[in-house]
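Numbering (our numbering), first residue to last: 1 to 136. Built from N, CA and C at the ideal position, the CB exists for glycine as well. So the structure is just underneath, and the comments pick up after that.
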Amino acid sequence: MLKPVVASTLSALLIFELSGCGTVIYPDRRGQASGRIDPTVVIMNGIGLLFWVIPGLVAFAVDFATGAIYFPSGRYAVAPEALQRAIKDNGEIDTVQLQQIIEQQTGHSIPFDHPNLQQQPSSPELISQLNILPRA
Numbered sequence: 001m002l003k004p005v006v007a008s009t010l011s012a013l014l015i016f017e018l019s020g021c022g023t024v025i026y027p028d029r030r031g032q033a034s035g036r037i038d039p040t041v042v043i044m045n046g047i048g049l050l051f052w053v054i055p056g057l058v059a060f061a062v063d064f065a066t067g068a069i070y071f072p073s074g075r076y077a078v079a080p081e082a083l084q085r086a087i088k089d090n091g092e093i094d095t096v097q098l099q100q101i102i103e104q105q106t107g108h109s110i111p112f113d114h115p116n117l118q119q120q121p122s123s124p125e126l127i128s129q130l131n132i133l134p135r136a
């Protein structure tokens, strides 16, 4: 009789801890390198430290590694979904379309003809990391 109650309580607390991770709550904050730390995320991760040390440490590590623990800086990058329009049907990148998207989203013009610009070929791994679906 006691085992199901303990198991249910531990499961509920573990679900609370996993949902307390800033990466889950604020996925739009991923990719930030620094900034002001969000006390709400710190408190939720701290609660995880009180109940379970390892999941709490993992939550802190994930939030710092992804940047989700930081408040938004007010500067925004282009969302990977917006870049979908710049990918041609054959998988190549349309640099003119890419330049237009970046300028429209950020207000900054990037000279793709600059001599110091280094372009790297795309790979399926890179596309999967950006959550961009290839078109066939």
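Task: CB-CB length for Gly22 against Ile69, believed under 8 angstroms - done: 5 angstroms
TODO: For Gly56, collect the residues of the same chain with a Cβ closer than 8 angstroms to its Cβ; drop the 5 residues on either side in sequence, then sort them by chain order.
DONE: Closer than 8 angstroms at the Cβ level, and outside the excluded window around Gly56, lie Glu17, Asn45, Gly46, Ile47, Gly48, Leu49 and Leu50.
Task: Through-space distance from Ile102 to His108, alpha-carbon basis - done: Roughly 7 angstroms between the two C-alpha positions.
Open item on the list: Going by C-alpha to C-alpha distance, which of Gln120, Val96 and Gln105 sits closest to Phe112?
Closed with: Of Gln120, Val96 and Gln105, the residue nearest in Cα terms is Val96.
Task: Ile69 in three-state terms, based on DSSP - done: coil
- [ ] On a CA-only basis, which of Ala33, Gln104, Gly67 and Ser8 is nearest Tyr26? Give me that one, please.
- [x] Measuring from the Cα of Tyr26, the nearest candidate turns out to be Gly67.
Task: Cut-off 7 angstroms between Cβ atoms - residues of its own chain near Ala33, not counting five sequence neighbours on either side - done: Gly67
Task: Alpha carbon of Ser11 to alpha carbon of Ala86, nearest angstrom - done: 44 angstroms
- [ ] May I ask you to list the residues that DSSP assigns as paired with Ile93?
- [x] The partner list for Ile93 (beta bridge, DSSP) reads Ile87.
Open item on the list: For Val24 and Gln99, what's the separation of their Cα atoms in angstroms?
Closed with: 31 angstroms
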